[in-house]
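Data first, discussion second: the structure below is written as structure tokens.
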Amino acid sequence: MTGTFLSASQKEALEATAAALATRGKGITACDESAGTIGKRFEAVGIDNTEENRRQYRQMLFTAPGSEDYLCGAILDPETLYQKSDDGTMFPQLLKNRGIVPGVKPHLKVYILPGTGGDTVMQGLDSLAVRCKEYYNAGARFAKWRSPIEIDVSAGRPTDLAIKANMSDLARYALICQSEGLMPIVEPDVVLTGTHTLEEAVAVNTKVLAELFKSMIDHRVYMPGATLKSNIINPGKDCPISYSVEDIGKANVSVLESTFPVAMKTANYLSGGQSLEDAAARLSAVNKANKHGPWNLSFSWSA
Numbered sequence: 001m002t003g004t005f006l007s008a009s010q011k012e013a014l015e016a017t018a019a020a021l022a023t024r025g026k027g028i029t030a031c032d033e034s035a036g037t038i039g040k041r042f043e044a045v046g047i048d049n050t051e052e053n054r055r056q057y058r059q060m061l062f063t064a065p066g067s068e069d070y071l072c073g074a075i076l077d078p079e080t081l082y083q084k085s086d087d088g089t090m091f092p093q094l095l096k097n098r099g100i101v102p103g104v105k106p107h108l109k110v111y112i113l114p115g116t117g118g119d120t121v122m123q124g125l126d127s128l129a130v131r132c133k134e135y136y137n138a139g140a141r142f143a144k145w146r147s148p149i150e151i152d153v154s155a156g157r158p159t160d161l162a163i164k165a166n167m168s169d170l171a172r173y174a175l176i177c178q179s180e181g182l183m184p185i186v187e188p189d190v191v192l193t194g195t196h197t198l199e200e201a202v203a204v205n206t207k208v209l210a211e212l213f214k215s216m217i218d219h220r221v222y223m224p225g226a227t228l229k230s231n232i233i234n235p236g237k238d239c240p241i242s243y244s245v246e247d248i249g250k251a252n253v254s255v256l257e258s259t260f261p262v263a264m265k266t267a268n269y270l271s272g273g274q275s276l277e278d279a280a281a282r283l284s285a286v287n288k289a290n291k292h293g294p295w296n297l298s299f300s301w302s303a
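This is the structure in structure tokens:
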């Protein structure tokens, strides 16, 4: 049985957050770029990368008229979680006032996993419980952890070791989040880099998601109180074969039907190196191809 470490009220709160993020017709905005990443965007348009400019930029996004009609959640960088609007309202409260659930991306780092030829793992679990408690007290109600996976068929990657290590870490992260009141979004991200075909991408993504959900159940994560953020399953960027959006939509649904627990309410797809136009067209195709699955299938993209 999953979630045995949680009280009935804790389960109810986690499920309520998951249900809010599964609101039909809405998605999650990913405003969780680090100061370094957002600095590159600022530099391109001649803006100084200061904390005040980052605050004003976030405020512009969070106060945009009508944004609550399309957004149910917002993933924040920890810096943003503790910032205020011009009138003194903390950003998490500002979002809540508009019906948008605030969440957070814990600060993590990517490390090479020795002996795998280049596969990586995320590190940061050692202090995660303490940080989750702080994030919850600051107003966050969910968290998001990303584990990137690369496909290199000729090199035999991703290795079984890398898949198991990353998915086990995602499961332990989810367990820690739930214990501190945060609804976990788990994000295995099979990136676009490579020459792999759509069929090869389907095989790897099926293996990754199957391992993830097995590991979550083995860790006794409360599945109705967790959600998925996933890459759209695509051929590699340098794949010589062309596929239609309908092909991609059907491929994604076949993987969901083979792996995704019905206890989990939503999958919110990242754009992951695609143009927003391509990502939107492919997400639409996924929804059109989904004839049987009960899940909400929406977006979680950067603003």
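The numbering of the sequence shown is this note's numbering, which starts it at 1 and goes up by one.
In this text, a Cβ means the ideal position worked out from N, Cα and C, and glycines have one as well.
- As a beta-bridge residue in DSSP terms, residue 28 pairs with 73, 300.
- Secondary structure at residue 82: coil, using DSSP grouped into helix, strand and coil.
- By the Cβ rule, the stretch 38 to 48 does not count as touching the stretch 143 to 155, because fewer than three pairs are nearer than 8 Å.
- By the neighbour-count criterion, in which a residue is buried when 16 or more other Cβ atoms sit within 10 angstroms of its Cβ, residue 252 is buried.
- When the Cα atoms are used, residue 273 and residue 265 turn out to be separated by approximately 25 Å.
- Taking the Cβ atoms as the reference, residue 208 lies roughly 17 Å from residue 248, outside the contact range of under 8 Å.
- Around the beta carbon of residue 21, 16 or more other beta carbons lie within 10 angstroms, which makes this residue buried.
- Just measuring C-alpha positions, the residue of 159, 121, 61, 106 sitting nearest residue 131 is 106.
- Here DSSP, grouped into helix, strand and coil, assigns residue 224 to helix.
- Residue nearest to residue 76 within the set 30, 57, 36 is 30 (criterion: CA-CA distance).
- Runs of beta strand (DSSP E) with 3 or more residues, each lying fully within the stretch 239 to 282, are found at 266 to 270, listed in chain order.
- Across the structure, residue 93 and residue 137 are spaced so that their CA atoms are roughly 12 Å apart.
- With fewer than 16 other beta carbons inside 10 angstroms of its own, residue 218 counts as exposed.
- Of the residues assessed, residue 58 falls on the buried side of the cut-off, its CB having 16 or more other CB atoms within 10 angstroms.
- Under the 10 Å beta carbon count, residue 178 is surrounded by 16 or more other beta carbons and is classified as buried.
- DSSP places residue 189 in the strand class (E or B) of the three-state scheme.
- Separation of the CB atoms of residue 27 and residue 205 is rounded to 21 Å, and the pair is thereby denied contact status at 8 Å.
- By the Cβ neighbour-count rule, residue 176 is buried, with 16 or more other Cβ atoms within 10 Å of its own.
- Relative to residue 146, the option among 134, 123, 133 whose CA is nearest is 123.
- Residue state for residue 236 is assigned as coil, using DSSP reduced to three classes.
- When C-alpha distances from residue 210 are compared across 298, 101, 188, the shortest belongs to 188.
- With respect to the C-alpha of residue 82, the residue from 102, 71, 240 having the closest C-alpha is 102.
- Counting along the chain, no alpha helix (DSSP H) covers residue 147; the unbroken beta strand (DSSP E) around it starts and ends at 142 to 149.
- Apart from the 5 residues on each side of it in sequence, residue 238 sits with its Cβ closer than 6 Å to the Cβ of 195 in its chain, given in chain order.
- For residue 255 and residue 160, the gap between their C-alpha atoms comes out near 18 Å.
- About 6 Å separates the CB atoms of residue 139 and residue 90; that is less than 8 Å, so the two are in contact.
- Pairing residue 121 with residue 111 gives a Cβ-Cβ distance under 7 Å.
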